[in-house]
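S.K.: Mind looking over this structure? Questions follow.
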Amino acid sequence: MQLRKKSQSLGIKTGSKDEKQFIVKQYISNKTEPFEEIARNVKLENITDQEVILLEKQNQTDDSKPINNNTNNEFDLVEEPKEKWYQCTECDFESKRFKAFKDCKSKKHQVISIFRKKEDWTWDTVAQKIMSEKSFVTLTKTDEILTFDGRRYSQKVAETYIRSRTDQLEPTQSKSFKNEVIDKIKTRTYKDFEIFNSRPDILTLENGILDLNQMKLSEHTPDNLTTLLLPLEYKKPQFEIKEETIFEDIEKNLKDTLFWKFLKSSFTLDENFEKKSFEAALEIIASVFVKQQIDAKAVINLGKGENGKSVFLSYIESLVGNENKSNIQLQQLSEDKFLPSQLKDKLVNIFADLENNELRKAGLIKAIITNEGITGQEKHGRPFTFNPFCKLIFSCNRFPKVFDQSQGFFRRWIILHWNRNFENDPQRDEHLLQKLVSNKEEKNKVFSTLIHLSRQLYQRGKFSHSKDWKTIQKEWNANADPISDFVEHYTKDSDSNTRVREMHAWYKEIMYQKGENPLGIGQFGKIFREYYDQSVNHDVRIWLGVEPKKPIQEKMKEFDE
1 MQLRKKSQSL
11 GIKTGSKDEK
21 QFIVKQYISN
31 KTEPFEEIAR
41 NVKLENITDQ
51 EVILLEKQNQ
61 TDDSKPINNN
71 TNNEFDLVEE
81 PKEKWYQCTE
91 CDFESKRFKA
101 FKDCKSKKHQ
111 VISIFRKKED
121 WTWDTVAQKI
131 MSEKSFVTLT
141 KTDEILTFDG
151 RRYSQKVAET
161 YIRSRTDQLE
171 PTQSKSFKNE
181 VIDKIKTRTY
191 KDFEIFNSRP
201 DILTLENGIL
211 DLNQMKLSEH
221 TPDNLTTLLL
231 PLEYKKPQFE
241 IKEETIFEDI
251 EKNLKDTLFW
261 KFLKSSFTLD
271 ENFEKKSFEA
281 ALEIIASVFV
291 KQQIDAKAVI
301 NLGKGENGKS
311 VFLSYIESLV
321 GNENKSNIQL
331 QQLSEDKFLP
341 SQLKDKLVNI
351 FADLENNELR
361 KAGLIKAIIT
371 NEGITGQEKH
381 GRPFTFNPFC
391 KLIFSCNRFP
401 KVFDQSQGFF
411 RRWIILHWNR
421 NFENDPQRDE
431 HLLQKLVSNK
441 EEKNKVFSTL
451 IHLSRQLYQR
461 GKFSHSKDWK
471 TIQKEWNANA
481 DPISDFVEHY
491 TKDSDSNTRV
501 REMHAWYKEI
511 MYQKGENPLG
521 IGQFGKIFRE
531 YYDQSVNHDV
541 RIWLGVEPKK
551 PIQEKMKEFD
561 E
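Letter 120 of the sequence shown, counting from 1, is numbered 120 in UniProt numbering, and no numbers are missing.
Laid out in structure tokens, this is it:
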């Protein structure tokens, strides 16, 4: 098939219209019949495969015989060195290595042999070839190279892809050659570090790019400079969601979901529905989808026992995906200089069950919450400055003690109480979390509904239910150090003394009123000694100079009937 080989050597795709026309023109150029008559006879524009084969048979020549002796003809062929390549007929992917077509073969694509002009591959030509096939971006400051995977830019596969593709193009090249190709691509693709993930009104989803302002989807494009991809799809909710009735409209869309039933039951205690806490929980979920801080707030979930807060946090993680979250403890985040870098380009940092270690430094925490520039540094890497937009969400049984008692610290927090206890509930579902996180269709529905609440938070810039900082400070300190709170508010200095057992009984009464589990008499006494001295009087242990501060029961005034 001499004509076909010649067409392949020119890079003409086998079976294409261009190949058919080339073969026909070569045939015509060696015949004496008028061009118009032959073109009409062979139907030049839509020649069939059978006609091409017939023409090839008629034009079989010796390898040494030129197809066309007319050196002025546009199809004059000059024998040049050629090498064998492979090509996928579906995606036009080309490589010298047949094993590079593993994905194509799995999709049952046809892989054919082609012959191309032999090239002397250099760093520059390989880099140009690879850049013509994929989009790359290299970040200033960090020198990370990213590649567009069809939906977002990813660092994980960029250098691996370049090395692999270089090997496919020129298998004989060394490791240093591949490194030079990477450096060439980096040099030509630098972009400012700050422009990535810089649009808070844009979300990249599995089924497109969602504009929060318009609530419309568009197709994925390399122009969308983001590393974030949510493992979710947006579909228009069944019932319209209006800003003025947003919580009612959300309920219309989600009331039959397992998610809704779980969350509503978690905030229903003794048939009393805690509406504000429930709405706050919905806003907390919605806030993580906005790439900017909302009213400079962080969240701490408080509650003991099996109350639903762990399921709540795990569900949020399943919505955002593993790549878009971090899990750093509050105290560690404030003290370890390398950990803050893990917040870069994350939607949320979640840590469940905080230890009640003291929080000695709060400066960095406040900077993160307020979206100020902070310094990040990876081990053996150079420091860089970035503005984290991730939401900080924690949970605990007891608040950590904090040294910073300023308004600037306490006004930054939303406290969400989980008072329900499902431990002995006969309706408790042991597999609830698995059912929630594995139901992708329902998660898409929850997201598609709550994203309208995200839009409202983004445009309004504040949560619906926030407490003043003094209230939060009082609540935090009382929970973080209950003995200190007990001493301050429920005891008073006195000239008299109080029996140890009597004081402990009063302490237990206060703790039960607050829904707290009291310490035993030994543990209580050990801490209470920091405030008052203990002695023994007639074999009875007593606290010196202190007595319970109990409310005064006033007598009812007498009045005439």
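No residue lacks a Cβ here, since even glycine has one placed at the ideal position from N, Cα and C.
Whose C-alpha, out of Glu358, Asp481, Lys391, is nearest the C-alpha of Ala367?
M.R.: Per the Cα distances, Lys391.
S.K.: Out of curiosity, what's the CA-to-CA distance linking Ser454 and Arg199?
M.R.: Straight-line Cα distance between these residues: approximately 14 Å.
S.K.: Please name the residue, chosen from Asp223, Thr221, Glu233, that lies closest to Met215 on a Cα-to-Cα basis.
M.R.: When only C-alpha atoms are compared, the closest one is Glu233.
S.K.: So for Gly376, helix, strand or coil by DSSP?
M.R.: DSSP places Gly376 in strand when its eight states are reduced to three.
S.K.: Comparing alpha-carbon positions, which option in Pro340, Leu263, Ala298, Ile521 lies nearest Leu433?
M.R.: Checked all of Pro340, Leu263, Ala298, Ile521; the closest Cα to Leu433 is Leu263.
S.K.: Less than 8 Å between the CB atoms is what I'm expecting for Gly303 and His465, so what's the real figure, rounded?
M.R.: Wrong, their Cβ atoms sit about 17 Å apart, outside the cutoff.
S.K.: When you compare only the Cα positions, how much space is there between Lys102 and Leu347?
M.R.: The straight-line gap from Cα to Cα measures roughly 35 Å.
S.K.: Using the C-alpha atoms, what's the distance from Phe338 back to Leu379?
M.R.: First, the amino acid is wrong: residue 379 is Lys here, not Leu. Their backbone Cα atoms lie some 7 Å apart in a straight line.
S.K.: Whole-angstrom Cβ separation of Lys252 and Asn444, contact assumed at under 8 Å?
M.R.: Their Cβ separation, rounded to whole angstroms, is 17 Å, which puts Lys252 and Asn444 out of contact at 8 Å.
S.K.: Just the C-alpha distance for Ile162 and Asp149, rounded to the nearest angstrom, thanks.
M.R.: Straight-line Cα distance between these residues: approximately 13 Å.
S.K.: For Asn272, list the residues DSSP reports as bridge partners.
M.R.: Note: Asn272 sits in a beta bridge opposite Leu269.
S.K.: Going residue by residue through the region 90 to 158, where are the continuous beta strand (DSSP E) segments of at least 3 residues, counting only ones entirely within it?
M.R.: List check, beta strand (DSSP E) in window: 111 to 117, 136 to 139, 145 to 148.
S.K.: CB Arg420 to CB Thr226, shorter than 9 Å?
M.R.: Their beta carbons are not under 9 Å apart, which means Arg420 does not touch Thr226 by this criterion.
S.K.: For the alpha helix (DSSP H) containing Leu457, list its first residue and its last residue.
M.R.: Start and end: 440 to 460.
S.K.: The beta strand (DSSP E) spanning Thr187 covers which residue range?
M.R.: Note, Thr187: premise wrong, no beta strand (DSSP E); alpha helix (DSSP H) at 175 to 188.
S.K.: Pull the bridge partners of Arg541 from the DSSP assignment, please.
M.R.: Arg541 pairs with Val536.
S.K.: For Val536 and Gly373, I'd like the C-alpha separation in whole angstroms.
M.R.: The straight-line gap from Cα to Cα measures roughly 58 Å.
S.K.: Take Lys344 and list the residues in its own chain whose beta-carbon comes closer than 8 Å to its own, dropping the five residues that flank it on each side.
M.R.: These residues qualify, in order along the chain: Gly376, Phe386, Pro388.
S.K.: Determine the DSSP secondary structure at Lys297, reduced to helix, strand or coil.
M.R.: Note: Lys297 maps to coil in three-state DSSP.
S.K.: What do you reckon, are the CB atoms on Thr187 and Val446 nearer than 9 Å?
M.R.: Against a cut-off of 9 Å, the Cβ pair of Val446 and Thr187 comes out as no contact.
S.K.: May I ask which residues mark the beginning and end of the alpha helix (DSSP H) holding Thr471?
M.R.: That run of the alpha helix (DSSP H) goes 469 to 480.
S.K.: From the DSSP output, in three-state form, read off Arg165 for me.
M.R.: DSSP places Arg165 in helix when its eight states are reduced to three.
S.K.: On the criterion of 16 or more Cβ atoms from any shown chain inside 10 Å, does Pro383 qualify as buried, or is it exposed?
M.R.: Exposed.
S.K.: Assuming Val348 is part of the alpha helix (DSSP H), what are its boundary residues?
M.R.: No alpha helix (DSSP H) holds Val348; the beta strand (DSSP E) holding it covers 348 to 351.
S.K.: With a cut-off of 8 Å, do at least 3 Cβ pairs link the region 120 to 129 to the region 164 to 175?
M.R.: Yes, since at least three Cβ pairs between the region 120 to 129 and the region 164 to 175 fall closer than 8 Å, the two stretches touch.
S.K.: Roughly how many whole angstroms lie between the Cα atoms of Gln513 and Lys401?
M.R.: Cα to Cα, the separation comes out at about 22 Å.
S.K.: Can you find at least 3 beta carbon pairs, one from the region 354 to 370 and one from the region 127 to 143, that sit closer than 8 Å?
M.R.: No, the region 354 to 370 is not in contact with the region 127 to 143.
S.K.: Closest to Lys107 by C-alpha separation, out of Glu90, Ser95, Ala281, His431, would be which residue?
M.R.: Per the Cα distances, Glu90.
S.K.: Going by CA-CA distance only, name the one from Pro171, Thr142, Glu159 that's closest to Ala100.
M.R.: That would be Pro171, whose Cα lies nearest to the Cα of Ala100.
S.K.: Beta-carbon within less than 6 Å of Trp260's beta-carbon, same chain only, minus the 5 sequence neighbours each way: which residues are those?
M.R.: Leu254, listed in sequence order.
S.K.: Kindly indicate the opening and closing residues of the beta strand (DSSP E) around Phe394.
M.R.: Counting along the chain, the beta strand (DSSP E) containing Phe394 begins and ends at 391 to 396.
S.K.: Using the three-state DSSP reduction, which class does Val437 fall into: helix, strand or coil?
M.R.: In the structure shown, Val437 sits in a helix (DSSP, three-state: H, G or I).
S.K.: Assuming Ile241 is part of the alpha helix (DSSP H), what are its boundary residues?
M.R.: Careful: Ile241 lies outside any alpha helix (DSSP H) and carries neither H nor E.
S.K.: Determine which residues share a DSSP beta bridge with Ile209 and list them.
M.R.: Note: Ile209 sits in a beta bridge opposite Thr204, Ser218.
S.K.: Would you identify the three-state DSSP class for Ser314, choosing helix, strand or coil?
M.R.: Note: Ser314 maps to helix in three-state DSSP.
S.K.: Is Tyr86 helix, strand or coil when you go by DSSP?
M.R.: Strand, per DSSP.
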